[in-house]
Amino acid sequence: MAEGLSIETQVLCKDYTLEGRTIEVFRGASFQVDAGETVALVGASGSGKSTLLHLLGLLDRPTSGQIQYNGSELLAQREDVIEDFRNRKVGFVFQFHHLLPEFTAQENVMMPAIIAGQPMATARDRANALLQRVGLEDRRSHAPGELSGGEQQRVALARALVMEPQLLLADEPTGNLDPDTSAQILDMLLLLNDESGTTLVMATHNMDLARRLPRCLHIRDQLVLEAELQT
328 MAEGLSIETQ VLCKDYTLEG RTIEVFRGAS FQVDAGETVA LVGASGSGKS TLLHLLGLLD
388 RPTSGQIQYN GSELLAQRED VIEDFRNRKV GFVFQFHHLL PEFTAQENVM MPAIIAGQPM
448 ATARDRANAL LQRVGLEDRR SHAPGELSGG EQQRVALARA LVMEPQLLLA DEPTGNLDPD
508 TSAQILDMLL LLNDESGTTL VMATHNMDLA RRLPRCLHIR DQLVLEAELQ T
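In structure tokens, the structure reads:
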């Protein structure tokens, strides 16, 4: 079982400049996520949920402040060190699955491992095992266009896990799915995350799904705050 990453942000600030105006997304956000913890991230539309996941996943840089992983500050490292950490330690699941239409489900899941230089046979075996875990073993040779929306998202989940990440970031992973399929995807996400021991942070606008996670963070007033969700 992989060991999850702990995350600690300190006075995290993020600004954008748009048409000469400065847009402040975060102003000194400080919070912690323990290794292996499962956390929902909620907030109003446009509050910065996707931006925060991009910062935590090192797809973007904060304007100021620190992000530590297992107590280490990565942002001061060389870009190739950051890129290697992101590719090997972090998995992403997005609202839009971003599967490559010209490749099969199996090949889409294999892709991150191939890019990381793993042997083809190793990548294929890992992909097949994950497709079996998400109930798509018999669909592995199908192209994304031949799969339902829920099946495509399951392929995307398998792809996010193929490198055995220590941190899994999910950005509205059920946003385009009907309620029943959304619940199934969350069931699968939580089960696979529990089995792998990774840290999970999931942004969602669906409060029913957020209530199923043991902890919730709420983005409000450019800060990240603890939230108590009523059941």
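The end of the sequence shown is residue 558 by my numbering, with every number in the run present.
C-beta atoms are modelled at their ideal positions from N, C-alpha and C, and glycine is treated no differently.
Bear in mind the structure is a predicted one, so any value in this text is a computation, not a measurement.
Can you tell me which residues form a DSSP beta bridge with residue i?
{"i": "residue 498", "result": "421 and 530"}
{"i": "residue 399", "result": "396"}
{"i": "residue 550", "result": "547"}
{"i": "residue 342", "result": "351"}
{"i": "residue 334", "result": "360 and 396"}
Answer with buried or exposed for residue i, where buried requires no fewer than 16 other C-beta atoms within 10 angstroms of its C-beta.
{"i": "residue 472", "result": "exposed"}
{"i": "residue 408", "result": "exposed"}
{"i": "residue 499", "result": "buried"}
{"i": "residue 431", "result": "buried"}
{"i": "residue 444", "result": "exposed"}
{"i": "residue 534", "result": "exposed"}
{"i": "residue 490", "result": "buried"}
{"i": "residue 328", "result": "Residue placement at residue 328 is flagged as unreliable, the pLDDT there being 48, under the threshold of 50; the coordinate-derived value follows with that caveat. The residue is exposed, with fewer than 16 neighbouring Cβ atoms inside 10 Å."}
{"i": "residue 462", "result": "exposed"}
{"i": "residue 487", "result": "buried"}
Give the range of the alpha helix (DSSP H) segment to which residue i is assigned.
{"i": "residue 514", "result": "506-523"}
{"i": "residue 458", "result": "447-460"}
{"i": "residue 443", "result": "Premise fails: residue 443 is in no alpha helix (DSSP H) and is neither H nor E."}
Using alpha carbons as the reference points, say which of the options lies closest to residue i.
{"i": "residue 480", "options": "492, 497 and 551", "result": "497"}
{"i": "residue 531", "options": "374, 336, 390 and 437", "result": "374"}
{"i": "residue 483", "options": "510, 506, 465 and 454", "result": "454"}
Would you say residue i and residue j are within 8 angstroms of each other, going by their C-beta atoms?
{"i": "residue 493", "j": "residue 384", "result": "no"}
{"i": "residue 382", "j": "residue 546", "result": "no"}
Could you check where the beta strand (DSSP E) with residue i kicks off and where it finishes?
{"i": "residue 477", "result": "It is not in any beta strand (DSSP E) - residue 477 instead sits in the alpha helix (DSSP H) that spans 476-488."}
{"i": "residue 368", "result": "365-370"}
From the beta carbon of residue i, is the nearest beta carbon of chain C less than 8 angstroms away?
{"i": "residue 384", "result": "Here chain C cannot be found, since the structure has a single protein chain."}
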